[in-house]
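Under the UniProt record's numbering, the first residue of the sequence shown carries the number 1, and numbering increases by one thereafter. Beta carbons are placed, not taken as given, at the ideal position from N, Cα and C, and that holds for glycine.
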Amino acid sequence: MMITQKSKPHTFVIPIFKDNKTYLYYTNRTVGQPPLVVKLVVELGGSALFFQCDRISYNSTTYTHVLYVFEDSGWSDLPNGANSILGLADSSMSFVKSLESSYKIPFKVALCLPSKPKNNSGSVYIGSRPYLLPPDHRDTSIYRALVKAFVGKAQRKAVYPFRDCFSYKSFGGKSLLGKKTPVISFVLGGGAKWDIYGTNSLVMVNKTIMCLAFVDARNDPRFPIEMGGYQMEDHLVEFDFEASTFSFTSSLLRHNASCSRM
1 MMITQKSKPH TFVIPIFKDN KTYLYYTNRT VGQPPLVVKL VVELGGSALF
51 FQCDRISYNS TTYTHVLYVF EDSGWSDLPN GANSILGLAD SSMSFVKSLE
101 SSYKIPFKVA LCLPSKPKNN SGSVYIGSRP YLLPPDHRDT SIYRALVKAF
151 VGKAQRKAVY PFRDCFSYKS FGGKSLLGKK TPVISFVLGG GAKWDIYGTN
201 SLVMVNKTIM CLAFVDARND PRFPIEMGGY QMEDHLVEFD FEASTFSFTS
251 SLLRHNASCS RM
């Protein structure tokens, strides 16, 4: 993402990828002079832009002093080679806010998470429209209601961290997209509904077993419902921080499209 002083972009488009081992999403960015490629994990709830200090050279002609320094605990859980965090939250220190302040673009971010790893990329959009076209946690009472809708199928032994698993032959169909699974509807403010189908409610753990892609939060008061990245894959979602609105599409897979083909 190279930007000159004279350019006045309306939208920044950043390719993002899915890591096959950690199931986290990341992007590769170039910083400094001479250029240094940095692998950053994309964190929707991240409040700031974090770099691992020993990777950012003091010899860079564009180097400025680091504002805050933190311990590096937790880096081992990131995708291989990742040493930085790209925060996209509604925060005065987030990457989105820094672009909004520097280029006077709308304070909004949209993303389309890829469902396939490696060379299949999705995108993060920061700024104006138009756009070119870890598991979810639920409160125990909500989780039990979900399980009840799926019971009666050929259940299999649980595969951590999931509790309810089934034979791949359950629900018919030759793929997750074609399976006749119960539709999970999130009812939002104003009566809007976000429908979740089999591609985002079931996850393959091996060739013969699939599991309900939700984790029981066990009445954790912090979040009765917390959307995970898996449920957002192959949906275009937008967070408009200025208008305090959340917009989304239905699954692109149901329209013969995907985040990797936008």
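Inter-segment contact for the region 104–115 and the region 226–243 is present: three or more beta-carbon pairs are separated by less than 8 Å.
By the 16-neighbour rule on beta-carbons within 10 angstroms, Met204 is exposed.
Secondary structure note for Leu36: its beta strand (DSSP E) is the uninterrupted segment Leu36 to Glu43. Classified as exposed, Gly172 has fewer than 16 neighbouring CB atoms from the shown chains inside 10 Å of its CB. Cβ-Cβ distances below 6 Å link Val187 to Lys193 in the same chain, with the five nearest sequence neighbours on each side left out; the list follows chain order. In this structure, Ser101 is the residue among Cys165, Ser101 and Phe50 with its C-alpha nearest to the C-alpha of His10. Apart from sequence neighbours up to five positions away, the residues of its chain that approach Asn200 with a beta-carbon distance below 6 Å are Gln231, ordered along the chain. For Phe246, same chain residues with a beta-carbon under 8 Å away, outside a window of 5 residues either side, are Leu188, Val237, Glu238, Phe239 and Asp240 in chain order.
Nearest to Arg163 by alpha-carbon distance, out of Val147, Leu86 and Leu176, is Val147. Bounds of the alpha helix (DSSP H) holding Asn200 are Gly198 to Ser201. For the 9 Å CB-CB criterion, Ile126 and Val151 do not form a contact. DSSP links Lys18 through a beta bridge to Tyr25. Bridge pairing for Leu49: Leu86 [DSSP]. In the DSSP annotation of this structure, the continuous segment of the alpha helix (DSSP H) that includes Gly229 starts and ends at Gly229 to Met232. As a beta-bridge residue in DSSP terms, Val31 pairs with Leu36. Contact annotation: Ser84 and Phe50 have beta-carbon atoms nearer than 9 Å.
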